[in-house]
Amino acid sequence: FGGTDQVDDELFDDLEAILIQADCGPRATSDLVQLIRSRAEESSAFDPEAAMKAIRDSVRERLTRSLKPMNIDTPPAVVLIVGVNGVGKTTTIAKMARLFQAYGKRIMLVAGDTFRAGAIEQLTIWSQRLGCEIMKGKAGGDPSAIVFDAVSAARARGVDLVLVDTAGRLQTQSNLMDELGKIRRVIQKVIPEAPHETFLILDATTGQNALSQAKVFNDMVPLSGLVLTKLDGTAKGGVVVALADHLELPIRFLGVGEGVDDLDNFRPDEFVDALFS
Amino acid sequence: ALSDKLRETFRKIGGYGTLTEENLQEALRDVRLALLEADVNFKVVKSFVAGVKEKALGQSVNVRLNPGQQFVGLVHDELVEIMGGQAEKIHFASQPPTVIMMCGLQGSGKTTSTGKLAKHLLAQKHRPLMVAADIKRPAAIDQLETLGKQVGVPVFSDRSSTDAVDICRRAHQLALMKDHDVVMLDTAGRLHIDDEMMTELEDVAAHVKPHEVLLVVDAMTGQDAVRVAGEFDSRLALSGIVMTKLDGDARGGAALSVRHVTGKPIKFIGVGEKLDALQPFHPQRMAGRILD
Ligand SMILES: Nc1nc2c(ncn2[C@@H]2O[C@H](COP(=O)(O)OP(=O)(O)OP(=O)(O)O)[C@@H](O)[C@H]2O)c(=O)[nH]1
Ligand SMILES: Nc1nc2c(ncn2[C@@H]2O[C@H](COP(=O)(O)OP(=O)(O)OP(=O)(O)O)[C@@H](O)[C@H]2O)c(=O)[nH]1
Ligand SMILES: [Mg+2]
Ligand SMILES: [Mg+2]
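Heads up: the sequence lines are chains A and B, in that order. Numbered according to the working numbering, the first sequence spans residues 2 to 278. Numbered according to the working numbering, the second sequence spans residues -7 to 284.
Next comes the structure, spelled out in structure tokens:
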């Protein structure tokens, strides 16, 4: 990259441009550039190829240090899906349902967004396409009530995996963040160990605000993982590199399109390659 | 906040009579960092900082202001000027109906903004018709029809059609017959790099000749805003931008990026999920927010 044949200011500038434009943010970027600056000072044998490898390894390490298996094997496993408006929560749930159906799991979808126009209809269409059950109420109803009924029913019916859809909400809306806390408590009432996983859905086109989203959502409902959506666009989702310094959250899946099969498992090497491509 | 940081920077370098290359160096770095953290695009920041440097150099320090305050004022004014100086409105056609086409990436807030704009136009004694031209997203038509009921504006839809261009064309004809003076096309979210979907939008525009083509952009968009806006603008000739979700704490640097790359005005901002949460764009407020 850059076509430079030595580790010099031109190389540092090229790297900085790549990382910033990938949304890694100025701080994470300067940390990474500083890393190779000091390596270059230590050894004259440190060439551009070694510099690139050092950066990639450092990014890869950040993104993989928190990886551990998902905790969804004790039925009914409850996965709570949260995030700000329009990031792809509902669509991601449909994709996850398809994925786990293929493993033979019996799925229940929960229409926890009772507020937005067309939200319940949207998830209902997905449940029909998937041929899986859905628990829903009337628009405008209390989401906690629906979720309580759903998790209770899932346990009674022997459902393997419950995917709980929630309304989009900005992390600055404290009353809506409280509502999310209540939804989580209601799930715990039925199954104390639940939710077994809580995923924050992040849109890859999002810039530095993702850091604030993760922090505030995590304070209210402890997050266990991330899903990064819309990576089929041109955004790189580099903010997850900066996020790794603040919150140790494994990236579980990547959304790569609008179809029900457009969900990839997170593969660190491929992700890092894409970041630098 | 940037203003505090700059005040500190200038305090360190002392009160000089003139702003010079040396004493500006750190201040310009502060500005650059603040803009990058606010999600302004890397290349746009370069160009903006160069512009500020040029204006600032040689400016003699106003004895009534400390250099830090003066510099902040200069940066702020430069931002406001780039953002368009003053708010711009919808340009209505001399011969109705005025056709407004809403477009943008998936999830940016097009459908909600269509409902909000319809409500706003209704209050201004217009007779809008909303068109459900998203035939792809599950329950997209339900969503717009529900909004239509909530604001009291009719929605044209065709659940059996798989042709967005045809839906828009027929809606346009209906508007002429039924005396609607504004037709609002809510289109499906799409990627700027999806040639088939971008061509669909060009076809819609070719058939109904919109007077306003509004790109709906999420306020939390990062570096990619330049690429997205640039592509939509080059293929469609945008007439304006709507920036949504400004009720959150995203700094909104994408506003500067989008303005820089397209030269088009931000006409409205979305400040909430409810249908009354639409405001005209104020460059001063946006500048303050980005620099904060
Ligand atoms: N290109 C692309 N589009 C996606 C992806 N994931 C979701 N979308 C689209 O993004 C838009 C929003 O998706 P939703 O699933 O409704 O998002 P949401 O977070 O549930 O939205 P709210 O409930 O309104 O907050 C839809 O048009 C989806 O088709 C993805 O990975 N790639
Ligand atoms: N807080 C807030 N939410 C908004 C605003 N504008 C839209 N939303 C929310 O953002 C989400 C996406 O809005 P939509 O109108 O469905 O977005 P869209 O662009 O039509 O999505 P697609 O058709 O799938 O591309 C919904 O949850 C909206 O309620 C806003 O200004 N503030
Ligand atoms: Mg949803
Ligand atoms: Mg829509």
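In this text, a Cβ means the ideal position worked out from N, Cα and C, and glycines have one as well. Keep in mind the model is a prediction, meaning the values are calculated, not measured.
Practice task
With DSSP as the reference, label I82/B as helix, strand or coil.
Solution key: coil
Problem - Euclidean distance between Cα positions of R281/B and Q165/B - result: 43 Å
Practice task
Please report how far the alpha carbon of V209/B lies from the alpha carbon of L(-2)/B, in whole angstroms.
Solution key: 30 Å
Exercise for the section: Assuming V143/B contacts L267/B (C-beta within less than 8 Å), just tell me the rounded distance between them. Expected result: Indeed they touch by this definition, with Cβ atoms about 6 Å apart.
Exercise for the section: Output, in chain order, the set of chain B residues within a Cβ distance shorter than 9 Å of K231/A. Expected result: L97, Q98, G99, L183
Exercise for the section: Could you please give me the residues that DSSP links to V37/A through a beta bridge? Expected result: A small correction: the amino acid at residue 37/A is Ile; Val does not occupy that position in the sequence shown. According to DSSP, I37/A bridges with nothing at all.
Exercise for the section: Would you mind telling me which residues of chain E sit closer than 7 Å to T235/A, beta carbon to beta carbon, in chain order? Expected result: The chain labelled as chain E is not found among the protein chains of the depicted structure, namely A and B.
Handout entry: Backbone CA spacing between G169/A and H118/B [nearest angstrom]
Key = 31 Å
Handout entry: Same chain, Cβ closer than 8 Å to G182/A, five either side skipped, listed in chain order
Key = M221, V222
Practice task
Write down the C-beta distance between V67/B and V44/B rounded to the nearest angstrom, noting that I regard them as a contact closer than 8 Å.
Solution key: 6 Å
Exercise for the section: Report yes or no: do the region 88 to 99 of chain A and the region 234 to 241 of chain B share at least 3 C-beta pairs separated by less than 8 Å? Expected result: no
Practice task
Measure the alpha-carbon distance for G256/A versus T206/A and round it to whole angstroms.
Solution key: In this model, G256/A and T206/A are separated by some 12 Å (Cα to Cα).
Handout entry: ligand 4 heavy atom lying under 6 Å from the CB of K128/B
Key = Relative to ligand 4, K128/B has its C-beta separated by 6 Å or more from all heavy atoms.
Handout entry: Min CB distance I21/A to chain B below 7 Å
Key = yes
Handout entry: Whole-number beta carbon distance between L97/B and G181/B, since they are thought to touch under 8 Å
Key = 6 Å
Handout entry: Residue-chain proximity (P130/B, chain A), Cβ-Cβ < 7 Å
Key = yes
Exercise for the section: State the CB to CB distance for the pair R251/B and G76/B, rounded to an integer number of angstroms; the pair is presumed to be in contact (CB under 8 Å). Expected result: 7 Å
Handout entry: Length of the line joining the Cα atoms of H112/B and A103/A
Key = 47 Å
Handout entry: Coil, strand or helix - T65/A by DSSP
Key = helix
Practice task
Within the region 140 to 170 of chain A, note down every full beta strand (DSSP E) run reaching 3 residues or more, in order along the chain.
Solution key: 162 to 167
Handout entry: Contact with chain B by A118/A, beta-carbon distance below 7 Å
Key = yes
Exercise for the section: Inspect the beta-carbon positions of T24/A and G234/A and report whether they are closer than 7 Å. Expected result: In the sequence under discussion, the amino acid at residue 24/A is Asp, which differs from the Thr named in the question. No. Outside cutoff.
Handout entry: Enclosing beta strand (DSSP E) for V80/A [first to last residue]
Key = Run containing V80/A: 78 to 83, per the beta strand (DSSP E) assignment.
Exercise for the section: Could you tell me if D166/A is buried or exposed, where buried requires 16 or more neighbouring beta carbons within 10 angstroms of its beta carbon? Expected result: With a 10 Å radius around the Cβ and a threshold of 16 neighbouring Cβ atoms, D166/A comes out buried.
Practice task
Name the two residues that bound the continuous alpha helix (DSSP H) containing A42/B.
Solution key: 34 to 48
Problem - Cβ shell of R186/A (< 6 Å), same chain only, five flanking positions each side left out - result: none
Problem - Euclidean distance between Cα positions of R219/B and T12/B - result: 35 Å
Exercise for the section: Note down, in chain order, every chain B residue with its Cβ under 7 Å from the Cβ of L171/A. Expected result: K237, D239, G240
Exercise for the section: Please list, in chain order, all residues of the same chain as L171/A whose beta carbon is under 8 Å from its beta carbon, the five residues on each side excluded. Expected result: If the five residues before and after L171/A are omitted, its C-beta is found closer than 8 Å to the C-beta atoms of V85, N86, L177, all from its own chain and listed in chain order.
Problem - Cβ of I126/A within 7 Å of any chain B Cβ - result: yes
Exercise for the section: Answer yes or no: does any C-beta atom of chain B fall closer than 7 Å to that of N210/A? Expected result: yes
Handout entry: Element boundaries [beta strand (DSSP E), containing P272/B]
Key = 270 to 272
Handout entry: Any non-hydrogen atom of ligand 2 closer than 6 Å to D239/B Cβ
Key = yes
Exercise for the section: Could you tell me whether the Cβ of P144/A comes closer than 7 Å to any Cβ of chain B? Expected result: With a threshold of 7 Å between beta carbons, P144/A makes no contact with chain B.
Exercise for the section: Could you tell me if the beta carbon of K47/B falls within a distance shorter than 6 Å of some heavy atom in ligand 3? Expected result: No, ligand 3 has no heavy atom inside 6 Å of this Cβ.
Handout entry: Residue range of the unbroken beta strand (DSSP E) whose run includes R253/A
Key = 252 to 256
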